[in-house]
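Each remark here refers to the structure printed beneath this line.
Numbering (the working numbering), first residue to last: 86 to 335.
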């Protein structure tokens, strides 16, 4: 799939769980860095047939599934197996929302149903470690949250919490320089935001919100959030050439 040694474009393998929860503005940042994007729809593809180390980068996106529902969604177990193989090789991975929860499970942590959904344009607060990481670009920049699950991180060397929110302690984490995961949604662009309001907006009154309120918040915060997203992912990607390379197959 990749041809880094031969001077070809790097490949980003994207594991997607719902067509409405795509790369959004992350795609432009990947393309600007010369990545070829290969999207796999995990619910319908044979994830177990993928070579875990073939792509230069794996991105795991969000979804309605819960990371602990592997019996209900067997492909999640296949994703966890793929992620564990990459973790063992210290091969680059970027996770978003469900992707972050799957990474926590892959590392030996635990994903679980939260007490209450976290929904809306909300603040995340970088930790001391996060202030020196790409997550710092979201300090003071509200971002989209739309999840009901959370996770606990294992006590493991090199695994660092990077951000928290008022409701959930774990909003971002990293392992070394090659693994980065965020619970919030830096990918949200104008199209994704409107798609989510159409698809799931009926639940907003339960959280004291409305479609109109979120559209106003999007108009106010969206441009800064998209700029922060580009800086976060761009900084992470720009450092990857100096980090651990994906092992090359014979």
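We put the beta carbon where it would ideally sit given N, CA and C, even for glycine.
| request: For the beta strand (DSSP E) containing residue 122, list its first residue and its last residue. | output: Note, residue 122: beta strand (DSSP E), 120–126.
| message | One question on the structure: do residue 248 and residue 220 come within less than 8 Å of each other, judged by their Cβ atoms? | response | For residue 248 and residue 220, yes; Cβs fall inside 8 Å.
| message | Can you tell me whether residue 235 is helix, strand or coil according to DSSP? | response | Strand.
| query | Around the Cβ of residue 234, are there at least 16 other Cβ atoms within 10 angstroms (buried) or fewer (exposed)? | reply | Buried is the call here.
| said: Tell me the rounded alpha-carbon separation between residue 239 and residue 265. | reply: When the Cα atoms are used, residue 239 and residue 265 turn out to be separated by approximately 15 Å.
| request: Run the CB neighbour count on residue 171, radius 10 Å, all protein chains shown included, and call it buried at 16 or more, exposed below. | output: Taking a 10 Å sphere around the C-beta of residue 171, we find 16 or more other C-beta atoms and assign the residue as buried.
| field | Validate contact between the region 210–224 and the region 249–261 using beta carbons, cut 8 Å, 3 pairs | value | Three or more beta-carbon pairs drawn from the region 210–224 and the region 249–261 are found closer than 8 Å, and the two stretches are therefore classed as touching.
| field | Beta carbon of residue 132 nearer than 8 Å to that of residue 98 | value | For residue 132 and residue 98, no; Cβs fall outside 8 Å.
| message | So, at 7 Å on beta carbons, what are the nonlocal neighbours of residue 244 in its own chain, with the 5 sequence-adjacent residues on each side left out? | response | Counting only Cβ-Cβ distances below 7 Å, and skipping sequence neighbours, we find 192, 238, 258 and 260.
| task | Mind reading off the beta-carbon distance from residue 141 to residue 101? Whole number of angstroms is fine, and I expect it under 8 Å. | result | No, residue 141 and residue 101 are not in contact; Cβ-Cβ is about 18 Å, not under 8 Å.
| How many whole angstroms separate the CB atoms of residue 230 and residue 270, which I take to be in contact at a CB cut-off of 8 Å? | Confirmed, Cβ separation roughly 7 Å.
| For residue 180, which three-state DSSP category applies? | Residue state for residue 180 is assigned as strand, using DSSP reduced to three classes.
| field | Among 217, 189 and 151, nearest to residue 321 - alpha-carbon criterion | value | Measuring from the Cα of residue 321, the nearest candidate turns out to be 217.
| Would residue 159 be called buried (16 or more neighbouring beta carbons within 10 Å of its own) or exposed? | Classification for residue 159: exposed.
| query | When the Cα atoms are used, what is the spatial distance from residue 177 to residue 282? | reply | Each residue's Cα considered, the two are about 32 Å apart.
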